[in-house]
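This report refers to the structure that appears directly beneath it.
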Amino acid sequence: MARLAVVVFLVLVVSMAASVAAKDPECCKSFHEWGDDRKGCAQENNDDCNTWCQSSCRGGFCKKENHLHVCHCYC
């Protein structure tokens, strides 16, 4: 029973770490999801996207990619 509890605990910790890592933008990449899992952003949301990008990664800005505005982080 104790082993099962340890396994469940480890799975929970790993899944939480993976979800946190997925929310943090990385350098040299474009993120099609930003903020609260928004996919791209319309022209009227560009300021919100830029605010999130600039606060979440170094030199972040929104750019148009495949007809969507996406968050891009500098290298």
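Residue numbering for the sequence shown is -22 to -1, 1 to 53, as defined by mature numbering (1 follows the signal peptide of the UniProt record, and there is no 0). From the three backbone atoms N, C-alpha and C, an ideal C-beta is built for every residue, glycine too.
Check: Can you give the Cα-Cα distance for His10 and Val48, rounded to whole angstroms?
Finding: Numbered from 1 along the sequence shown, position 32 holds the residue referred to as residue 10. Numbered from 1 along the sequence shown, position 70 holds the residue referred to as residue 48. So the two alpha carbons sit approximately 5 Å from each other.
Margin query: Looking only at its chain, what residues have a beta carbon closer than 8 Å to the beta carbon of Lys7, apart from the 5 residues adjacent to it on each side?
Written below: Counting from 1 along the sequence shown, the entry for residue 7 is found at position 29. Hits under 8 Å: His50 and Cys51.
Next item on the list: Compare the beta carbon distance of Cys31 and Cys40 with 7 Å and say whether it is the shorter of the two.
Entry: Here the question's residue 31 lines up with position 53 in the sequence shown. Here the question's residue 40 lines up with position 62 in the sequence shown. Yes, they are a contact pair.
Check: In three-state terms, what does DSSP make of Ala(-2)?
Finding: Taking the sequence shown and counting its residues from 1, one reaches residue -2 at position 21. Bear in mind that the predicted position of Ala(-2) carries a pLDDT of just 47, short of 50, making it unreliable; the figure below should be weighed with that in mind. Three-state result, Ala(-2): helix.
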